[in-house]
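Listed in order, the protein sequences are those of chains A and B. UniProt numbering puts the first residue of the first sequence at 1, with every later residue one more than the last. UniProt numbering puts the first residue of the second sequence at 1, with every later residue one more than the last.
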Amino acid sequence: MVQRLDYLKESPSQTAGPYVHIGTNPNWVEITGVWREDLGLVLVGPETVGERILVEGRIIDGSGALVRDALVEIWQADAAGLYNSPAETRGTADRAFAGWARQPVSEADGLFRFETIRPGRVPFPGGGLQAPHVTVWIVARGINLGLHTRLYFGDEAEANSVDPLLNRIPDPARRATLVAPRTERDGMPVFTFDILLQGDGETVFLDM
Amino acid sequence: MSGAYFQRDRDWHPPALTPGYKTSVLRSPRQALLSMPTTPSEETGPVFGHDVLGPLDNDLIRNFAKDGEAIGQRIVVYGRVLDENARPVAGALVEFWQANAGGRYRHKKESYLATLDPNFGGCGRAITDAEGRYSFRTVKPGAYPWPNGVNDWRPAHIHFSVFGHAFAQRLITQMYFEGDPMIGQCPIVKTIPDPAAIERLVAALDRNATIPMDSLAYKFDIVLRGRRSTLFENRMEGN
Chain A
1 MVQRLDYLKE
11 SPSQTAGPYV
21 HIGTNPNWVE
31 ITGVWREDLG
41 LVLVGPETVG
51 ERILVEGRII
61 DGSGALVRDA
71 LVEIWQADAA
81 GLYNSPAETR
91 GTADRAFAGW
101 ARQPVSEADG
111 LFRFETIRPG
121 RVPFPGGGLQ
131 APHVTVWIVA
141 RGINLGLHTR
151 LYFGDEAEAN
161 SVDPLLNRIP
171 DPARRATLVA
181 PRTERDGMPV
191 FTFDILLQGD
201 GETVFLDM
Chain B
1 MSGAYFQRDR
11 DWHPPALTPG
21 YKTSVLRSPR
31 QALLSMPTTP
41 SEETGPVFGH
51 DVLGPLDNDL
61 IRNFAKDGEA
71 IGQRIVVYGR
81 VLDENARPVA
91 GALVEFWQAN
101 AGGRYRHKKE
111 SYLATLDPNF
121 GGCGRAITDA
131 EGRYSFRTVK
141 PGAYPWPNGV
151 NDWRPAHIHF
161 SVFGHAFAQR
171 LITQMYFEGD
181 PMIGQCPIVK
191 TIPDPAAIER
201 LVAALDRNAT
211 IPMDSLAYKF
221 DIVLRGRRST
231 LFENRMEGN
């Protein structure tokens, strides 16, 4: 016999289901009056420090169809690379930037679109800096455990080339699934991050 | 202090591809996940203050009431949010949503013929206290049929979304009710391979916590990922 380790097991995940919005975005599904405003709708205000950008994309299933019932959450550092979190130990983040947002994708065209700022670089525990990135988490009907991935920026080639996570992906085509190409719209940089759940071009998902 | 979050036990969680739950077939990644130790991006997370909560946020019997209270068996659901080190997670935002007592969701895409309850919205939220405790009052949701097999039914359940202290802990799951014979025949429950893991999602009827002449009570503890202690390790930047 041996002494017991006193760890608990993590609660197992179950799918968020088709009606996740009732719990996360009730106003969006016309359950009004319970609380005034759904959480996580706005990231950026007039006081927020940093370069304004748009991050947008769609989620596509293994048959090429748009996923129209997903919920997308993002989490990112501020312009100085600090997280607005009590667990941030390196300094105090921009109070005018929450760093977290979430959004149901559009039923009409499957699009998610976040107006945010370009994040700064965050250290890597093994040493060095990570390239600027946005943590992305998606849940939906048919997804048994939330899928975690990262968006890197298409115009940060130099930082991306030394990013420890990107460099753990040997196949350049797979690595490219995490790098959102840049375009511009009305003078604002737009980074398009389409997430392919399965098949050719499947996005790299993370176990972190 | 604290280091990386424990590796997630992916044999304990449901795998992505579970053909018995048909929607998973086209929505399941087939490539290997990229495994990495957590970094500050996963070891931090948003925290929500109690000021986001309204007084009825954790009372689903009254928070959508128009001209009366929600219909159904009155229950209290309570429990603690803990981490794998068995420490309470204080300040965790817990969101919950459910069908009404007839098994009908208030959602524009819901088509089940059971009637809507005009006094029931089906959503609520709470933030855990210093001991990790949360509680809410609701009505017991009904079972309902859903399109998967030709005659598949979901057991009564409540959905939970939990934010701990770090994005690595983000979790969505479902709570079932002790003694429900429909748990074992549900294709979504059966996505979880280990019966011991399924048991962790079954809330216990707690007669000691019932409110006499008012509400039954169910206890549902939720466990989020734990974090390493950096015993004898070199302190790395970020710790």
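Cβ atoms here follow ideal geometry from the backbone N, Cα and C, with glycine treated the same way.
- Listed along chain A, the residues sitting closer than 9 Å to E42/B by beta-carbon distance are W75, T135, H148, L206 and M208.
- Proximity of chain B to S63/A at the Cβ level (cut-off 9 Å) is accounted for by L26, in chain order.
- Counting only the Cα atoms, V77/B lies some 10 Å from A204/B.
- Between V162/B and L201/B, the C-beta spacing is not below 8 Å.
- At the C-beta level, L82/B and L8/A come within 8 Å of one another.
- In the three-state DSSP reduction, T92/A falls in the coil class, being neither helix nor strand.
- Under DSSP, G124/B takes part in a beta bridge, and its partners are F96/B.
- Relative to the Cα of I211/B, the nearest Cα in the group R154/B, R227/B, W146/B and R137/B belongs to R137/B.
- Beyond the five residues adjoining it in sequence on each side, P119/A comes within less than 6 Å, by CB distance, of Q76, A77 and P132 in the same chain, given in chain order.
- Every beta strand (DSSP E) stretch that sits fully inside the region 90–162 of chain A and reaches 3 residues is listed by chain position as 100–104, 111–117, 133–139 and 147–153.
- Within the region 171–197 of chain B, those residues whose Cβ lies closer than 7 Å to any Cβ of chain A are, in chain order, L171, I172, T173, Q174, I188, T191, I192 and A197.
- Excluding sequence positions up to five before and after R62/B, its CB lies within less than 7 Å of the CB of L56 and E69, all in the same chain and listed in chain order.
- Under the 8 Å Cβ criterion, the region 41–52 of chain B does not count as touching the region 180–200 of chain B, having fewer than three qualifying pairs.
- Counting C-beta atoms within 10 angstroms of its own C-beta, T18/B has 16 or more neighbours from the protein chains shown and is therefore classed as buried.
- Following the DSSP letters along the chain, one finds A168/B in no alpha helix (DSSP H), marked with neither H nor E.
- A residue is called buried when at least 16 other Cβ atoms come within 10 angstroms of its Cβ; T115/B does not meet this threshold and is exposed.
- The closest CA to that of A92/B, considering only F120/B, A126/B and V189/B, is found on A126/B.
- E158/A and T92/A have their C-alpha atoms some 27 Å from each other.
- Listed along chain B, the residues sitting closer than 7 Å to T24/A by beta-carbon distance are E95 and S161.
- Taking 8 Å as the threshold, the shortest C-beta distance from F193/A to chain B does not fall below it.
- Membership of A217/B in the beta strand (DSSP E) is indicated by the continuous run L216 to K219.
- Under DSSP, P189/A shares a beta bridge with E184/A.
- As computed with DSSP, P145/B is found in a beta bridge with W153/B.
- Following the DSSP letters along the chain, one finds E30/A in no alpha helix (DSSP H), marked with neither H nor E.
- Exclusion of the five residues before and after W28/A leaves H21, D38 and P104 as the residues of its chain whose Cβ lies within less than 7 Å of its Cβ.
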